[in-house]
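Per the working numbering, the very first residue in the sequence shown carries number 1081; after that it's consecutive. We put the beta carbon where it would ideally sit given N, CA and C, even for glycine.
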Amino acid sequence: MKVLKFGGTSVGSVENMSNVKTIINDGKKKIVVLSAMSGTTNHLVAIAQDVKNGYANEAVDKINRLHETYFVTIDNLLQNEPLNNLVKTYVSGIFNFLVECTYKSHSESLENQIVAQGELLSTFMFNSFLNQEGIKSALLPALDFMKIDEFKEPDIDYIRKNLKTVLEHTEDSDIYITQGFICLDNFGEISNLQRGGSDYTATIIGAALKAEEVQIWTDIDGMHNNDPRHVDNTNPISNLSFDEAAELAYFGAKILHPQTVTPVRLDNIPVRLKNTMDPEAHGTLISSKTSADGIKAIAAKDGITAIKIKSARMLQAHGFLKKVFEIFEMYQTSIDMITTSEVAVSLTIDDDRNLDKILPELEKIALIEVDKNQSIVCLVGHSIVDHQDTYKLFQILQDVKIRMISYGGSKNNISLLIDSKDKINTLQKLNDYLFELVTL
Ligand code: ADP
Ligand code: ASP
Ligand code: MG
């Protein structure tokens, strides 16, 4: 069985939903994971923010406007009157629930319930659309089997067991449709897999069922060699290893949720990235195979904080780094990059929620400097640290102010820390020279 995930744009219009219908209607058994229609989760986040700030009227306005746009989409999607009415009743139930949320006092749980509604809407609408088109499909409620544990990691044994039970109790169908992104937490409350989490849902399901393949269908023809939102002349990469894809996703390639390949790499389940608007395009195949050496792709992650920890003769004082790491561990903050010298260690974090607690602890043992608004630019490719062309990188970057560099941590990754304001320029320069568009 295959697992196919369709993102926000793929279910974002009637035309694209028709493309999805054609792609999945091949008579083979599959699980289809859907995101919310594009823009919906952003709206829900804004509504939750209004509720948090006590702006109930603004929240209700936003809810009513979104409700109207859904009714227009439903009229375009469903000409079958009973189905049209059924879906409108369901959708109104969700929007009424959202209005009720605006009367409640804010909590994280309320916020999670609000942002979860997008995937419930899209899956119900799309399943009804397939029924209208005479295609047999069944809904699998994600909240009946998707669960994260106390560390916010997928509880794979629970998921496998419950998904099996849900499948056994659902009428036999070729196409099973479920919600991406949403899950229960270890208290049984509604939670989610973080923004972009539908990709992760698909590979978690793929791993739970030992699927033959996971396909991520989106609005672009696969993983490009640089960020197409900021850089001109990027190209799709036809093959990536799990390691390469994991590095790119973790370091900011938005096409994949950072954890997407984690569940499937051990079982060697391939992940194929495909374009819903151009299904014939090859896309990207992520598998255990490694192909050509050298720099393959570049990604960048924003919102990074750099911390310099300075102490005289630090490296000779054994146990110093241990103390530093323990402080970050105590506040459950993971470190991305790290460089050391005799008198200082510099490191980066992307989650600065506990920074105000971490800094006083660090100040007890050293002098501290903090730089916010940094970006990690990550270059990925098989064995790039050994590759004959990698020296070019240093020539190219002679005009860019590099705050830190990480080389050799893995053979497949070189990371640079730069000020975020230099990011677009750096990405474009690297693209032009490394991918030989301009010769040095
Ligand atoms: P979906 O809603 O289908 O999950 P996303 O918006 O999450 O789609 O991801 C697809 C988008 O990721 C593309 O439209 C593209 O702008 C962006 N993107 C960023 N970096 C890359 C990259 N290296 N390769 C391809 N797409 C990328
Ligand atoms: N709808 C969620 C989001 O916008 C999950 C996803 O699209 O993958 O983040
Ligand atoms: Mg996405």
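- Between LEU1427 and VAL1457, the C-beta gap is not smaller than 8 angstroms, which leaves the two residues out of contact.
- Within the same chain, LEU1124, ILE1174, LEU1178 come within 7 angstroms of GLN1197 by CB-CB distance, once the 5 residues on both sides are set aside.
- For TYR1487, the uninterrupted beta strand (DSSP E) run begins and ends at 1482 to 1490, by DSSP.
- In this structure, DSSP gives PRO1162 a helical state, which the three-state scheme calls helix.
- Shortest gap from the CB of GLY1332 to any heavy atom of ligand 3: 7 angstroms or more.
- One Cα belongs to PHE1209, the other to THR1419, and the distance between them is close to 54 angstroms.
- For the pair ASN1207 and PHE1225, the CB atoms are not nearer than the 8 angstroms cut-off.
- Under the DSSP assignment, LYS1241 falls outside any beta strand (DSSP E), being part of the alpha helix (DSSP H) whose first and last residues are 1236 to 1249.
- According to the DSSP assignment, MET1417 belongs to the beta strand (DSSP E) that extends over 1415 to 1420.
- By the CB criterion at 8 angstroms, ASN1492 and HIS1467 fall outside the cutoff.
- TYR1513 and TYR1487 have their C-alpha atoms spaced approximately 19 angstroms apart.
- Considering only ASN1305, ILE1448, LYS1110, ASP1430, the residue with the shortest C-alpha distance to LYS1216 is LYS1110.
- For ligand 3, the residues with a Cβ under 6 angstroms from any of its heavy atoms are, in chain order, GLY1087, GLY1276, ASP1279.
- Inter-residue distance for CYS1263 and LEU1328 is about 25 angstroms (C-alpha atoms, whole angstroms).
- In the three-state scheme derived from DSSP, where H, G and I count as helix and E and B as strand, GLY1286 is classed as helix.
- If only complete runs of 4 or more residues are kept, the region 1404 to 1478 shows the alpha helix (DSSP H) at 1435 to 1443, 1472 to 1476, in order along the chain.
- Distance from ALA1288 to ILE1349 at the Cβ level is roughly 11 angstroms; contact not present, criterion being Cβ atoms closer than 8 angstroms.
- For PRO1221, the secondary structure class from DSSP, reduced to helix, strand or coil, is coil.
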